[in-house]
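In the working numbering, the protein residues as written are 109 to 285. Built from N, CA and C at the ideal position, the CB exists for glycine as well.
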Amino acid sequence: MVSNLNEWMVGAYGAEFSGKEGLVLLSIENLTVEESQELRNKVRESGAQLRVTKNRLAKVALKQAGIEFDEDSWSGMCGILVGDTESTIKAAKEIEVLWKKAEVRKVRYRAAVLDGATMSAGEAASIAGMADKDTLRGQICGTIMGTPRQLASIFNEVPTSLARAIQARVDQGESAE
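Printed below as a string of structure tokens:
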């Protein structure tokens with residue numbers, strides 16, 4: 109009975125984990141019930157999901173999905189944050205907002221997979237600092253539009269300078285001769 113239940117849970121987790129663009133393994137030890145609920149709510153608001161699983165079952169499910177993390181990442185109580193790229197970044201930002209003011213940080217990044225790239229704990233912690241798609245689009249538009257704007261101002265400067273020179277000559281009047 110227990111093995112059937114475990115197999116079912118692994119299958120359910122595997123279906124949930126496979127095909128996700130973002131997956132972050134979190135250390136969530138020492139969270140109170142209220143903190144855990146607040147964390148889940150913030151993650152849910154961002155469009156991602158937080159799953160607290162048995163480490164052994166999660167390892168098997170992730171392995172079936174083609175994702176493997178270092179054995180060191182699995183010590184203690186773990187939660188798995190899953191979602192698409194955008195919701196994963198938003199959820200990581202929400203986690204940072206929750207724990208920035210706290211005296212003791214109770215949620216730590218252990219590992220991650222974002223857009224197919226496996227990340228270590230240090231790299232996973234940088235997810236919260238990543239720009240979302242809208243910010244990146246704005247930066248790209250600014251970059252693309254910067255060059256034409258500069259060219260237009262350069263081309264506009266030639267006749268403007270000529271007009272200033274002619275006006276200066278006119279202002280000098282007959283004394284220039």
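Sorry if obvious, but does the Cβ on residue i come closer than 7 Å to a heavy atom of the ligand ADP?
| i | result |
| --- | --- |
| residue 167 | With respect to the ligand ADP, the structure shown offers nothing to examine, as it has no ligands at all. |
Just verifying my parser: in three-state terms, what is the DSSP assignment at residue i?
| i | result |
| --- | --- |
| residue 185 | coil |
| residue 210 | coil |
| residue 222 | strand |
| residue 142 | helix |
| residue 203 | helix |
| residue 121 | helix |
| residue 175 | coil |
| residue 195 | helix |
| residue 237 | helix |
| residue 127 | coil |
Going by the DSSP bridge assignment, what does residue i pair with across the sheet?
| i | result |
| --- | --- |
| residue 157 | 190 |
| residue 216 | 135 |
If you follow the beta strand (DSSP E) that residue i is in, where does it begin and where does it stop?
| i | result |
| --- | --- |
| residue 226 | 225-227 |
| residue 168 | Note, residue 168: premise wrong, no beta strand (DSSP E); alpha helix (DSSP H) at 163-172. |
Assuming residue i is part of the alpha helix (DSSP H), what are its boundary residues?
| i | result |
| --- | --- |
| residue 135 | Element bounds for residue 135: not the alpha helix (DSSP H) but the beta strand (DSSP E), 130-135. |
| residue 254 | 241-280 |
Say whether the stretch 179-188 touches the stretch 161-169, bearing in mind that this needs 3 or more beta-carbon pairs closer than 8 Å, one atom from each stretch. A contact exists between the stretch 179-188 and the stretch 161-169.
Below 8 Å, can you find three or more Cβ-Cβ pairs linking the stretch 147-160 to the stretch 216-232? Not touching, per the Cβ criterion.
Would you say the stretch 197-204 touches the stretch 222-240, given that touching needs at least three Cβ pairs under 8 Å? yes
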